[in-house]
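Enquirer: Pasting a structure here, questions to come.
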Amino acid sequence: MKRNNSTKHTNHLAQAKLAVVDKRKIIEYLLSFNHPSGRDKAVFFHSLGFRLQAWQVLSAALVRHAKENTIWDKKKSSFGVKYVIDGPLQTPDGRNPSVRAIWFVETGEKQPRFVTAYPLKGGSHDTRTRPGSSN
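Here the sequence shown stands for residues 4 to 138, where the numbers follow the working numbering.
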């Protein structure tokens, strides 16, 4: 189904084994209580047992999330392809909540780069959180 350069997918992220999560995205954004738009995410990720001192744990969990969960949405542009991946995120405390992660592959590149992640409201099957939902 194609709509506004958007394609629904059920595949896994191609080249997920090459996925890169920039250290700064973790320590200066997702786990930073000082970042203006990241502080709510920091509260969420800290509540699951992720810590700034062990930022690699969250990085590895995000890469694993990309490898194990299916692509929910894919949008192509002249800059590259944005992938939306929904599914459980393995956490230190074992709660493994449903999380949406965004990855981007630049045109001409193969390596997916992490953009952001956030909790899904109501779990991964809640259509209110899905792109293109009529709810």
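From the three backbone atoms N, C-alpha and C, an ideal C-beta is built for every residue, glycine too.
Less than 8 angstroms between the C-beta atoms of Pro95 and Phe53, yes or no?
Expert: Numbered from its first residue, the sequence shown carries residue 95 at position 92. Numbered from its first residue, the sequence shown carries residue 53 at position 50. Yes, Cβ-Cβ distance for Pro95 and Phe53 is below 8 angstroms.
Enquirer: Quick check on Phe117: does DSSP put it in helix, strand or coil?
Expert: Here residue 117 corresponds to residue number 114 of the sequence shown, with the count starting at 1. Strand, per DSSP.
Enquirer: Give the list of continuous alpha helix (DSSP H) stretches no shorter than 4 residues that lie fully inside the region 8-78.
Expert: Segments of the alpha helix (DSSP H) lying fully in the region 8-78: 42-50, 58-71.
Enquirer: Is the distance from the Cβ of Val24 to the Cβ of Ser50 below 8 angstroms?
Expert: In the sequence shown, counting from the first residue as 1, residue 24 sits at position 21. In the sequence shown, counting from the first residue as 1, residue 50 sits at position 47. No; because the gap between Cβ atoms is not below 8 angstroms, this pair is not in contact.
Enquirer: Using DSSP bridges, identify the partner residues of Phe107.
Expert: Walking along the sequence shown from the start, residue 107 turns up at place 104. Answer is Lys85, Arg116.
Enquirer: Are the region 33-47 and the region 72-86 in contact at 8 angstroms, needing three or more beta carbon pairs?
Expert: The region 33-47 vs the region 72-86: no contact.
Enquirer: Measuring only the C-alpha atoms, how far is Val46 from Thr73?
Expert: Taking the first residue of the sequence shown as 1, we reach residue 46 at position 43. Taking the first residue of the sequence shown as 1, we reach residue 73 at position 70. Approximately 26 angstroms between the Cα atoms of the pair.
Enquirer: Who are Ser101's beta bridge partners in DSSP?
Expert: Here the question's residue 101 lines up with position 98 in the sequence shown. Paired residue(s): Pro91.
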